[in-house]
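Chains A and B supply the protein sequences, listed in that same order. Counted the way full-length UniProt numbering counts, the first sequence spans residues 1 to 593. Counted the way full-length UniProt numbering counts, the second sequence spans residues 1 to 255. Note that the Cβ used here is the ideal one computed from N, Cα and C, for glycine as well.
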Amino acid sequence: MRALGPRGGGRGGSAAGSSRPQGALRAPPPPKRRCGVPRQQEACLSLLPGSAMGISLASGHPVRHSWSQMRRLVGSCGTWRPQSAAPEQRRPCRAAVRPWLCPGSALHTARPRCQEVPLTCERYGLRRLPFARLSRGDVAFFESLMPGRACTNPEELKSFNVDWLKSVRGCSELLLKPKTAAEVSQVLRYCHERNLAVSPQGGNTGLVGGSVPVFDEIILSTALMNQIISFDPVSGILVCQAGCILEELHEYLEERGFIMPLDLGAKGSCQIGGNVATNAGGLRLLRYGSLRGTVLGLQVVLADGTVLDCLTSLRKDNTGYDLKQLFIGSEGTLGVITAVSILCPQKPKAVNLAFLGCQDFSRVQETFTTCRAMLGEILSAYEFMDEKCMELVEKHLGLSNPVRGSPFYVLIETSGSNSTHDEEKLNSFLEQAMTSGLVTDGTVAVDDKKIKTLWSLRERITEALTRDGCVYKYDISAPVGKLYDLVTDMRARLGQSAKNVVGYGHLGDGNLHLNITAESYSHSLLDAIEPFVYEWTARHNGSISAEHGLGFKKKQFIQYSKPNEAIFLMQRFKAMLDPRGILNPYKMLPSSP
Amino acid sequence: MAALRVLVGVKRVIDFAVKVRVMPGGQGVQTEGVKHSMNPFCEIALEEAVRLRERGGAAEVIAAAVGTSKCQETLRTALAMGADRAVLAEVAAGAEVGPREVAAVLAELARKHRADLVLLGKQAIDDDCNQTGQMVAALLDWPQGTFASQLELEEGGAAVRVQREVDGGLETLRLRLPAVVTADLRLNEPRYATLPNIMKAKKKPLEVVAAAELGGAPNPRLKVLGVSEPPGRQGGVRVDDVPALVAQLRQSGCV
Chain A
1 MRALGPRGGG RGGSAAGSSR PQGALRAPPP PKRRCGVPRQ QEACLSLLPG
51 SAMGISLASG HPVRHSWSQM RRLVGSCGTW RPQSAAPEQR RPCRAAVRPW
101 LCPGSALHTA RPRCQEVPLT CERYGLRRLP FARLSRGDVA FFESLMPGRA
151 CTNPEELKSF NVDWLKSVRG CSELLLKPKT AAEVSQVLRY CHERNLAVSP
201 QGGNTGLVGG SVPVFDEIIL STALMNQIIS FDPVSGILVC QAGCILEELH
251 EYLEERGFIM PLDLGAKGSC QIGGNVATNA GGLRLLRYGS LRGTVLGLQV
301 VLADGTVLDC LTSLRKDNTG YDLKQLFIGS EGTLGVITAV SILCPQKPKA
351 VNLAFLGCQD FSRVQETFTT CRAMLGEILS AYEFMDEKCM ELVEKHLGLS
401 NPVRGSPFYV LIETSGSNST HDEEKLNSFL EQAMTSGLVT DGTVAVDDKK
451 IKTLWSLRER ITEALTRDGC VYKYDISAPV GKLYDLVTDM RARLGQSAKN
501 VVGYGHLGDG NLHLNITAES YSHSLLDAIE PFVYEWTARH NGSISAEHGL
551 GFKKKQFIQY SKPNEAIFLM QRFKAMLDPR GILNPYKMLP SSP
Chain B
1 MAALRVLVGV KRVIDFAVKV RVMPGGQGVQ TEGVKHSMNP FCEIALEEAV
51 RLRERGGAAE VIAAAVGTSK CQETLRTALA MGADRAVLAE VAAGAEVGPR
101 EVAAVLAELA RKHRADLVLL GKQAIDDDCN QTGQMVAALL DWPQGTFASQ
151 LELEEGGAAV RVQREVDGGL ETLRLRLPAV VTADLRLNEP RYATLPNIMK
201 AKKKPLEVVA AAELGGAPNP RLKVLGVSEP PGRQGGVRVD DVPALVAQLR
251 QSGCV
């Protein structure tokens, strides 16, 4: 349902109702839009004297410009900038260049092409919403509010403006690092008054471009909110600030005999606030459930600065509507999570890992049902990957395959309180699997070092893929039986145009991570992939984003998995909690009509 | 190629990744309920022996361990990794066996099974003694190549070339068989025990003998006086300039 061309269909039509001369545009159709924000070129052009007619500075005569030229001249930020005589010389986005903030250099520097990620706003041809622009007074206010923690240095801002996949880049000019919820509240209250957009950021490990600004939103980083507030060893409830890194929480809890209920490959960098905001799934969901069950309370700062303290540490509390569920998975669009109270399970005494090879996908499924029947209560993870994944991990990361080459690999983890019992159960399951031919080869790891090595074969697939080239990532939920069909269908569809098409994921949760790599970014490849992948998913009543969220990249595809009434209600919630729309704009939901 | 018999000694130690805790009383470390596994260097030695057999140089690989009955699981792992037979020289639980006793047992087993090559890990990660291999060689009066990073069987199977990692670099020795070689880290990367092998291992022979019969009766001549954890890490001190640094160094007595 992606409309091509400007709203209203026709080129040069008066759909926007602006007062420009009809028929002024005789140009090839504009490049395909990549996002749901209407291009509304008409509105842009109405700002210009004579619409598509610009004034050449060289000769002073009116000059007619083509669409693509127009876009360069108008600039992705929707403002008219006087051009030098060479229109093909790309100028940096105006918002990225503020002479009085970075004196001297940037205004006349051409944007370096090869190494830099293209600005999101330029690549997708977006129009900036009418938020206020950062002024000297604003920066001064933030500096006085948190001295030393309001950064405007473009060099330092670089890494905060780009996501982990290096696929989207914003042009924010200000990074704030508050330490307490009170500071976050003051920041948001000020931004709400001034109508300044804010992009909350945790570990910046998200895969859908939801963690970095699109234009010049102020980046609100929770990196310094990394205090553990309390931990109760009797109930296992941990209360901590949103900026605590998952792996550090894990280490803290391990010393006390507990573990975090979620685990993901990004654990070294991701923060718990971000995990909650995106309702992260991960490798342990099969056993411990999702964050919607394990998070007991949240402290959230709303768009106008109100601090909502629902940070109870109670397993059971049926008093009123459960507000925290609204914020879990809201991807920073309804409020900024500043503290989390989470229920942590006991650290298992015995962890065993089996890495198995299977001949085909139906055997992978049968192994799962057998595994669940025989290992049931001790099963803590069931992951699968295909042989292409193994190839990539071997090639790019130098890891070695512990078993004989097979079309599919399965990783089974058991966690229990008694190692002898668990080993017995695991061994009898493995014997059963081997003798019945479900599994052709495998290995078992009982000691920590081997367990970590085997896990890395699955956890580092993402890393290996980024080294293979440009990655197109999809994360879908579908009925388990049909899961791998998407990979085979996609392979058949793309043929030689893609370098590698791989599938891996949390089979136990019915979640497939489909990844396609290519040498470089290509619109035609993207068009072959989307919307095919979403249509396929919708046909099977699946979810177009099982755990990665919608963020920026998938916001216009939500209708494939949710009915219009639901989307409408979501937009109403958003309007209620963030009437000015300053929290993480351009993301998650299509803009209200 | 001559059909060599290789004897591999393996030791059951506290797992490499486990955080070791001192027992209250300071007489030892906690071993109850703590995960144990095969000593990493023994794994490397075993891997080398299995590779020798796969290449055709060796005919049989015998894994041997000296310890309590729990060591049987370590020997099963050894069988799963490719050993043909296993022998456990059992001692009573709680008995102290050190390198001397283990070396006596291994030497006796080497004689009994007419081993041509004894492969051991260079040291165990729990006591770091680095003595067993050398003692076995002395007891048998065989040549030894310790800290091996490469092992090659010569044509004809009468000698081995051992490349050793020594402080000054690499040293290559030629040892006439029978000989004792101890494995260092870079000798090879041990394989994972795969399921088919784990199943086959259940059927392979595992002999249990009393250690005393093989000359390994515990006869401790060392007494552990105390075990304590290393002192906690002290925070560093930042100084602003060089004179302050010099003053600090003088104060702490370093200069």
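{"query": "Would ILE476/A pass as a contact of LEU494/A if the rule is Cβ separation under 8 Å?", "result": "no"}
{"query": "Reducing DSSP to helix, strand and coil, say where GLN41/A ends up.", "result": "Reliability of the predicted coordinates at GLN41/A is poor, the pLDDT of 37 falling under 50, and the value obtained from them is presented with this limitation in mind. Helix at GLN41/A."}
{"query": "If I follow the unbroken beta strand (DSSP E) through VAL224/B, where does it start and stop?", "result": "Taken as a continuous stretch (DSSP letters only), VAL224/B belongs to no beta strand (DSSP E), as it is neither H nor E."}
{"query": "Out of curiosity, what's the CA-to-CA distance linking LYS482/A and ARG539/A?", "result": "11 Å"}
{"query": "Per DSSP, which residues does SER428/A bridge with? Please list them.", "result": "Answer by DSSP bridge pairing: none, since SER428/A is not bridged."}
{"query": "Give the DSSP-derived three-state secondary structure of ASP126/B in the structure shown.", "result": "coil"}
{"query": "In chain A, which residues lie with their C-beta within 7 Å of the C-beta of PHE41/B?", "result": "Simply none; closest approach about 14 Å."}
{"query": "With a cut-off of 8 Å on the beta carbons, I'd call GLN144/B and GLY133/B a contact; round off their distance for me.", "result": "6 Å"}
{"query": "If you draw a straight line from the alpha carbon of SER235/A to that of THR294/A, how long is it in whole angstroms?", "result": "13 Å"}
{"query": "Quick check on DSSP: helix, strand or coil for THR222/A?", "result": "coil"}
{"query": "Indicate whether at least one CB of chain A lies closer than 8 Å to the CB of MET81/B.", "result": "no"}
{"query": "Please name the residues in the segment 401-412 of chain A whose beta-carbon is closer than 9 Å to at least one beta-carbon of chain B, in chain order.", "result": "PRO402, VAL403 and ARG404"}
{"query": "Using a Cβ-Cβ distance cut-off of 8 Å, determine whether LYS449/A contacts chain B.", "result": "yes"}
{"query": "Is there a Cβ of chain A sitting closer than 8 Å to that of LYS11/B, yes or no?", "result": "no"}
{"query": "Grouping DSSP H, G and I as helix and E and B as strand, with all else coil, what is GLY121/B?", "result": "strand"}
{"query": "Indicate, with yes or no, if the ligand FAD has a heavy atom lying under 7 Å from the CB of ARG256/A.", "result": "The ligand FAD is not part of the structure shown, which contains no ligands of any sort."}
{"query": "Counting contacts by CB-CB distance shorter than 8 Å, is ALA244/B in contact with chain A?", "result": "no"}
{"query": "Identify which residue in GLN299/A, LEU129/A and GLN271/A has its Cα closest to the Cα of SER185/A.", "result": "GLN299/A"}
{"query": "Between the segment 192-205 of chain B and chain A, which residues of the former have a C-beta closer than 8 Å to a C-beta of the latter?", "result": "TYR192, ALA193, THR194, LEU195, PRO196, ILE198 and MET199"}
{"query": "If we ignore side chains and look at the alpha-carbon of each, how far apart do LEU206/B and LEU7/B end up?", "result": "14 Å"}
{"query": "Can you say whether TYR382/A is buried or exposed, counting buried as having 16 or more other CB atoms within 10 angstroms of its CB?", "result": "buried"}
{"query": "Kindly indicate which residue of LYS449/A, LYS158/A and PRO154/A has the alpha-carbon position closest to the one of ASN352/A.", "result": "LYS449/A"}
{"query": "Quick check on CYS93/A: does DSSP put it in helix, strand or coil?", "result": "With a pLDDT of only 41 at CYS93/A, under 50, the local geometry of the prediction cannot be trusted, and the value read off the model is given with reservation. Correct three-state label for CYS93/A: coil."}
{"query": "Indicate whether the contact test is met: 3 or more Cβ pairs, each with one atom in the segment 123-140 of chain A and one in the segment 214-225 of chain A, closer than 8 Å.", "result": "yes"}
{"query": "Tell me, which residues are paired with ASP386/A by DSSP?", "result": "PHE408/A"}
{"query": "Using the C-alpha atoms, what's the distance from LEU224/A back to ALA181/A?", "result": "11 Å"}
{"query": "Which value, in whole angstroms, describes the spacing of the CA atoms of GLY57/B and ALA445/A?", "result": "29 Å"}
{"query": "Would a C-beta distance cut-off of 8 Å place SER545/A and LYS554/A closer than the cut-off?", "result": "yes"}
{"query": "Entirely within the segment 449-482 of chain A and at least 4 residues each: give me those alpha helix (DSSP H) ranges in chain order.", "result": "461-468"}
{"query": "Alpha carbon to alpha carbon, what distance is there between GLY210/A and ARG467/A?", "result": "22 Å"}
{"query": "Using a beta-carbon distance below 8 Å, is SER37/B in contact with chain A?", "result": "yes"}
{"query": "Can you give the Cα-Cα distance for residue 601/A and ALA197/A, rounded to whole angstroms?", "result": "Residue coverage of chain A in this structure runs from 1 to 593, which leaves residue 601/A outside it and unanswerable."}
{"query": "Under 8 Å Cβ-Cβ, which residues of chain A neighbour PHE16/B?", "result": "ASP447, ASP448 and LYS449"}
{"query": "Are the C-beta atoms of MET576/A and some chain B residue less than 8 Å apart?", "result": "no"}
{"query": "Leaving out five residues on either side along the sequence, give the residues of the same chain with a beta carbon under 6 Å from the beta carbon of THR338/A.", "result": "ALA181, VAL184, ALA242, GLN299 and VAL301"}
{"query": "ARG238/B CB to nearest chain A CB: under 8 Å?", "result": "no"}
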